[in-house]
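Participant: Chains as they are written, first to last, in the numbering used here: chain A, 54 to 382; chain U, 35 to 360; chain Y, 3 to 271. Don't be surprised by glycine CBs; every beta carbon is placed ideally from N, CA and C. Since this is a predicted model, take the numbers as computed values, not measurements. Have a look at the structure that comes next, please.
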Amino acid sequence: MKPLIEVEEVKKYYKQTHRQLWGKDSLIKAVNGISFSLYEGETFGLVGESGSGKTTTGQLLVQLLKQTEGKIRFKGKDVSKFSAKQLKAWRKEVQIVFQDPYSSLNPKKTVQWILHEPLALHKLGDKSSRYKKMLQTLSDVGLDKSYLSRYPHELSGGQRQRIAIAAALILEPQFIVIDEGVSALDVSVQAQILNLLKDLQQQYLLTYFFISHDLNVVQYFCDRIAVMYLGEIVELGKTADIIKAREHPYSEALFSALPTIENSFAVMQIQGEISDASQFLEGCAFQARCPYVYELCKREKPVVQKINDGHLVACHRIQKRKEEERVLS
Amino acid sequence: MAPLLSVQALDVAFQLPEGEFLALENISFHIYPNEVVGIVGESGCGKSLTSQAIMGILPGVASIKHGNISFQGCSLNDLSSREWQELRGNELTMIFQEPMTSLNPVLTIGRQIAEVLKKHTSLSKIERKQQVIKTMNEVGLPRAEALWKAYPHQLSGGMRQRVSIAMALISRPKLMIADEPTTALDVTIQSQILDLFQTIKQNHSTSLLFISHDLGVIQAVCDQVIVMYAGRIVEQGKVEKLISEPKHPYTQSLIQSIPDATKRGQRLYTIPGTVPHLQERQVGCPFSNRCTYKLKQCETSFPDTYEFDDGHTVACHLFAKEGDGN
Amino acid sequence: MIKKHRLPLYIGLTFVSIAFIMMLISLFYTPYDPNAIDPTNRLASPSLTHLFGTDNFGRDIFSRVMEGAKTAFLIGTVAASIGLFLGFLLGASAGYFGGWIDELTMRFIDAMLAFPGILLAIMLIAVFEPGMKNTVIALGIMSIPAFARIIRSSFIQYKSYDFVKASIAKGGGAIHIMIKHILPNAVSPILVAASLSFSGSILAESGLSYLGLGVQPPDPSWGRMLKEAQPYITSAPWYVIIVGMVITILVLGFNLLSDGLRDVHDKKA
């Protein structure tokens, strides 16, 4: 199957001007060489802690940010080579939904204006067909036309998120980045929105890139999961495989730190916190917090290895473990 | 054993331009010494308001209409502001969600923690410093000497939350209230902080009231749990029991709607409708318009509280003795 | 019930509307011809026939104050509009695009701020010639920095909002986002700046006219009336006091109005 989106060695660096008078500018490596492919109709989950670069990745995918290096291809075409006109046309195909529906809807605009905006920007349809489209999209997200004249502050959090989803959906995109799209919602509302997203996916064959820090949601919702740490993807695989066996120590720590109602005690806990992306060390990004750290981890960056079909891990420990097993046998 | 804190039939009202509305109605619970009690519920259910009522820091538009809060046997209702100052930060302390805004950005960490001791004890400066460093080590702040001179913005979110815990712990309080203390933190950090609460529970004779929207977090630290909905307590009981055998329809649907790996491929259970606004609450059970088991009397009267073994209580007409309704 | 924090707003509105109504009436009616000289009735004290008394030529001060309100409002409006328009262009592009555009614009604004506004106006008027038109242009230019800075900071604030990013992702261009998304959100601070600039311009015009550099006869002006009243400060003190009070009330009115607007805005936010 041909992938819908291919991400190839994408990097995003920021220059940070130093606060102190005589300090030097430093480089923040928000995204440091990530590669993966997204297939049509799948839900790809990206998890990681704050500062891991997951939001940056999402914004790179819809080109709200331009990558410093690397390629992003949409149906085989390199999006960074698009002209302004091509880029605008492409924006119809890819959309983004943000975490906080309080800030992702303009407080001074009515729902009608918000839904009309994308149609007007792309000069789609005439007055009556636009109106019809708006009503249909509203009903797709479970709302009716009485919402058209309302302002965002008159809606509840869940309704706002439905409007944000409707505004993304109205252009009939193929691909939607959902950046913490359900994190700000209460559990019962979150369940409604997740069900809605599932329904819409089936109805319109959507591909989702689902960014979240909430592992419960990601495990439930996604087909594949990538774990990100300090700008790098450390593990990627089918959700079922990841739930069963995690190979990277960071993924292991992340998943076992999760307090669920089934299991409330951490199996493996790691110390410290994610470090500053500007203080970059040689070797593995996770070395400072890794309980298994080897000498090798401090010198060399681990390369991505294939565990089995579609399960990728970047960790020296896998090699080391194999060596140990060989010695033992 | 006498309860450390008891809240009895507490009503808290909001004074709004449209009139007076009860935001908390008939809230009653006890916290015993060395017990960890959790309050869980969705936004707007009144869980934070309950903690603010206990701390005597209700917002200006809210006031206690009825009921009594007593701490160590004395009523808190008519404490003078001087007595409140004696109590707060000393025997009764609080930890907030966002440590960045609850710490003073222009004071060093050491001074902020020591401030509590300066106010409530007669320790000398050196003794205070020793005490602060001891507490900092206890809450997992390494290199306390160096951190003493640091400012809040120089610390990470997890470290800042440890500082607020140290501030709440240093006076050896009888009761600590933690309002969503791990919500702003990453999972791995959250797990470290939850562990810290476990340690505190073992090493100190402090009771803890732990407020969270996350049942998983509540289960990790609490003994007892209280479920709130639209300003009412709908269910309370031992945490394992309540999660494994929820009785109230709201608690049941709340647990069913939490997504996790075991529910993959299935549709999530959703509660129809939305939480009624403060201004829209009517007589009867506030959950009745969303409840699948709704009975006739649910619309007209709020149910009594029914008790099961082990102190598990539920406020729902479904558990009335047979023949009562229909 | 009047909310306490709205009090300055209401007082300011009252002061400004009194002056505004006076100005409107003066377009059709004044009790006397403001320029009619009556040598027999010079420097008459306030009475029922001459509400504010008469000046050194026997002209009715009340009628002249009404006429002066016209000039004050005209100058305030036009100067604030010039400042708002140019300030918006500079501030919005600096705030939205950032980078070198921002640097360049803000250094230009800094240079303007470093130069005392009233000196700048005097210099402009000296180079061209005194009169209503040049006064207005000079005062308009003077008020650019205040507008530019306020608009810039609103644009910086709102450009990081998710609704702006969402609009970019839907294909919205820079102009669309600046006009349709950010501007409606920045209206309150702009209104505050506009009413401040209004009062500043009226005050500055009075100052310039007092120096003889502003509005020239026969156009009526409060500032010039103040200058004319000066020699009679002992013999006819009401003249100078009344004109001074009128200027103060309008300027104070606009300042209170802007304070009130800001409070209401802050409360909402």
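1. Closest to residue 152 of chain Y by C-alpha separation, out of Y/173, Y/96, Y/12, Y/245, would be which residue?
2. Could you tell me which chain Y residues have their CB closer than 9 Å to the CB of residue 377 of chain A, listed as they occur along the chain?
3. Using a Cβ cut-off of 7 Å, pull out every chain Y residue sitting near residue 117 of chain A, in sequence order please.
4. For a cutoff of 8 Å on Cβ pairs, would you count residue 133 of chain Y as touching chain A?
5. Counting only runs that start and end within the stretch 180–259 of chain Y, where is the beta strand (DSSP E) found for 3 or more residues in a row?
6. Roughly how far, in whole angstroms, is the beta-carbon of residue 2 of chain Y from the beta-carbon of residue 36 of chain Y, given that I think they are within contact range, below 8 Å?
7. Helix or strand or just coil, what does DSSP make of residue 100 of chain U?
8. Using C-beta distances below 8 Å, list every residue in its chain close to residue 247 of chain Y, excluding the 5 sequence neighbours before and after it, in chain order.
9. Note down the Cα distance separating residue 346 of chain A from residue 368 of chain A, rounded to an integer number of angstroms.
10. Report yes if the C-beta distance between residue 256 of chain Y and residue 14 of chain Y is below 8 Å; otherwise report no.
11. Tell me whether residue 27 of chain Y is buried or exposed, calling it buried when 16 or more other Cβ atoms sit within 10 Å of its Cβ.
12. For chain U, is any of its Cβ atoms less than 8 Å away from the one on residue 151 of chain A?
13. Report yes if the CB atom of residue 194 of chain Y is closer than 8 Å to the CB atom of residue 260 of chain Y, and no otherwise.
14. Which of the three DSSP states, helix, strand or coil, is assigned to residue 305 of chain U?
15. What residues of chain A sit near residue 186 of chain Y, judged by a beta carbon separation below 8 Å?
16. Can at least three beta-carbon pairs, one atom from the stretch 163–174 of chain A and one from the stretch 186–204 of chain A, be found at a separation below 8 Å?
17. Near residue 284 of chain U, which residues of its chain fall below 6 Å by C-beta distance, leaving aside the five closest residues on each side in sequence?
18. Using the rule of at least 16 other Cβ atoms within 10 Å of the residue's Cβ for burial, across every protein chain shown, is residue 49 of chain Y buried or exposed?
19. For residue 271 of chain Y, does the count of other Cβ atoms within 10 angstroms reach 16, so buried, or fall short, so exposed?
20. Given that a residue counts as buried once 16 or more other Cβ atoms are within 10 Å of its Cβ, and exposed if not, what is residue 305 of chain U?
21. Between which two residues does the alpha helix (DSSP H) carrying residue 297 of chain A extend?
22. Report the rounded CA-to-CA distance for residue 373 of chain A versus residue 337 of chain A, giving the unit in angstroms.
23. My output table needs one value for residue 147 of chain A: the three-state DSSP class, helix, strand or coil.
24. Cβ of residue 40 of chain Y less than 8 Å from any chain A Cβ?
25. Assuming residue 225 of chain A is part of the alpha helix (DSSP H), what are its boundary residues?
26. Can you find the residues in the same chain that come closer than 6 Å, C-beta to C-beta, to residue 133 of chain A, ignoring five residues on each side of it along the sequence?
27. Which residues in chain Y sit within 8 Å of residue 156 of chain A, going by Cβ to Cβ distance?
28. Check whether chain A comes within 8 Å of residue 174 of chain Y, counting only Cβ atoms and requiring the distance to be less than that.
29. Spell out whether any CB of chain A is found under 8 Å from the CB atom of residue 302 of chain U.
30. Helix, strand or coil for residue 360 of chain U per DSSP?
31. In the stretch 256–286 of chain A, which residues sit with their C-beta less than 8 Å from some C-beta in chain U, listed in chain order?
32. Mind checking if residue 306 of chain A is an interface residue toward chain U, Cβ cutoff 8 Å exclusive?
33. Which ranges would you report for the alpha helix (DSSP H) in the stretch 82–154 of chain Y if only whole runs of at least 4 residues count?
34. Please confirm if residue 17 of chain A has its CB atom under 8 Å from at least one CB of chain U.
35. Ignoring anything shorter than 4 residues or poking outside the stretch 150–192 of chain U, list the alpha helix (DSSP H) runs there in chain order.
36. What number of angstroms, rounded off, separates the C-alpha of residue 88 of chain A from the C-alpha of residue 286 of chain A?
Facilitator: By the coordinates alone:
1. Counting from one through the third sequence, the residue named residue 152 of chain Y turns up at place 150. Closest option to residue 152 of chain Y, Cα to Cα, is Y/96.
2. As a first step, residue 377 of chain A must be located in the first sequence, where it is residue number 324. Simply none; closest approach about 48 Å.
3. In the first sequence, the residue the question calls residue 117 of chain A occupies position 64. Against residue 117 of chain A, the close residues of chain Y are 167, 170, 171, in the order they occur along the chain (beta-carbon pairs closer than 7 Å).
4. Taking the first residue of the third sequence as 1, we reach residue 133 of chain Y at position 131. No, because no Cβ of chain A sits closer than 8 Å to the Cβ of residue 133 of chain Y.
5. With a minimum length of 3 residues, no continuous beta strand (DSSP E) run stays inside the stretch 180–259 of chain Y.
6. Only positions 3 to 271 of chain Y appear in this structure, which leaves residue 2 of chain Y out of reach.
7. Taking the first residue of the second sequence as 1, we reach residue 100 of chain U at position 66. It is a strand residue.
8. By 1-based counting over the third sequence, the position of residue 247 of chain Y is 245. Here the set comprises nothing.
9. Walking along the first sequence from the start, residue 346 of chain A turns up at place 293. Walking along the first sequence from the start, residue 368 of chain A turns up at place 315. For residue 346 of chain A and residue 368 of chain A, the distance between alpha carbons rounds to 10 Å.
10. By 1-based counting over the third sequence, the position of residue 256 of chain Y is 254. By 1-based counting over the third sequence, the position of residue 14 of chain Y is 12. The answer is yes: Cβ separation under 8 Å.
11. Locating residue 27 of chain Y in the third sequence gives position 25, counting from the first residue. It counts as exposed.
12. Within the first sequence, the letter at position 98 stands for residue 151 of chain A. For residue 151 of chain A, the nearest beta carbon of chain U is not closer than 8 Å to its own beta carbon.
13. Taking the first residue of the third sequence as 1, we reach residue 194 of chain Y at position 192. Taking the first residue of the third sequence as 1, we reach residue 260 of chain Y at position 258. Contact check for residue 194 of chain Y against residue 260 of chain Y passes: the beta carbons are separated by less than 8 Å.
14. The residue you call residue 305 of chain U lines up with position 271 of the second sequence. In this structure, residue 305 of chain U counts as coil in the three-state DSSP scheme.
15. On the third sequence, position 184 is the one that residue 186 of chain Y refers to. Against chain A, the beta carbon of residue 186 of chain Y has neighbours under 8 Å at 159, 161, 162, listed in chain order.
16. Because the criterion of three Cβ pairs below 8 Å is met, the stretch 163–174 of chain A and the stretch 186–204 of chain A touch.
17. Taking the first residue of the second sequence as 1, we reach residue 284 of chain U at position 250. Scanning its chain for C-beta atoms nearer than 6 Å, with the 5 sequence neighbours on each side dropped, one finds around residue 284 of chain U the residues 263, 268, 321, in chain order.
18. Residue mapping note: residue 49 of chain Y aligns to position 47 of the third sequence, counting from 1. It counts as exposed.
19. Counting from 1 along the third sequence, the entry for residue 271 of chain Y is found at position 269. Note that residue 271 of chain Y scores 48 on pLDDT, short of 50, meaning its location in the model is unreliable; the coordinates nonetheless yield the value given after this. It counts as exposed.
20. Numbered from its first residue, the second sequence carries residue 305 of chain U at position 271. When all chains shown are included, residue 305 of chain U counts as buried.
21. In the first sequence, counting from the first residue as 1, residue 297 of chain A sits at position 244. 292–297 is the extent of the alpha helix (DSSP H) around residue 297 of chain A.
22. Here the question's residue 373 of chain A lines up with position 320 in the first sequence. Here the question's residue 337 of chain A lines up with position 284 in the first sequence. Spanning the alpha carbons of residue 373 of chain A and residue 337 of chain A requires a straight line of approximately 15 Å.
23. Start at 1 with the first residue of the first sequence, and residue 147 of chain A comes out as number 94. Note: residue 147 of chain A maps to strand in three-state DSSP.
24. For the purposes of this step, residue 40 of chain Y is taken as residue 38 along the third sequence, with counting starting at 1. No - not a single Cβ of chain A is within 8 Å of the one on residue 40 of chain Y.
25. Walking along the first sequence from the start, residue 225 of chain A turns up at place 172. Counting along the chain, residue 225 of chain A sits inside no alpha helix (DSSP H), nor does DSSP assign it H or E at all.
26. As a working mapping, residue 133 of chain A is identified with position 80 in the first sequence. If we look at residue 133 of chain A and ignore the five residues flanking it on each side, it has no Cβ neighbours.
27. In the first sequence, the residue the question calls residue 156 of chain A occupies position 103. For residue 156 of chain A, the chain Y residues whose C-beta falls within less than 8 Å of its own C-beta are 163, 164, 165, listed in chain order.
28. Working through the third sequence from its first residue, we reach residue 174 of chain Y at position 172. Yes, residue 174 of chain Y lies at the interface with chain A (some Cβ there is under 8 Å from its Cβ).
29. By one-based count along the second sequence, residue 302 of chain U stands at place 268. Residue 302 of chain U counts as touching chain A.
30. Locating residue 360 of chain U in the second sequence gives position 326, counting from the first residue. Confidence at residue 360 of chain U is low in this model, with a pLDDT of 36, below 50, so its placement is unreliable and the value that follows should be read with caution. Residue 360 of chain U: coil per DSSP, three-state reduction.
31. Going along the stretch 256–286 of chain A in chain order, one finds 266, 268, 269, 270, 272, 273, 274 with a Cβ nearer than 8 Å to chain U.
32. Translated into positions along the first sequence, residue 306 of chain A becomes position 253. At least one chain U Cβ lies under 8 Å of residue 306 of chain A.
33. The stretch 82–154 of chain Y is shown to contain whole alpha helix (DSSP H) runs of 4 or more residues at 101–116, 119–129, 134–144, in chain order.
34. Nothing about residue 17 of chain A can be reported from this structure: the residues present for chain A run from 54 to 382 only.
35. Runs of the alpha helix (DSSP H) inside the stretch 150–192 of chain U: 159–172, 178–181.
36. Here residue 88 of chain A is taken as the residue at index 35 of the first sequence, counted from 1. Here residue 286 of chain A is taken as the residue at index 233 of the first sequence, counted from 1. Distance from the CA atom of residue 88 of chain A to the CA atom of residue 286 of chain A, rounded to whole angstroms, is 8 Å.
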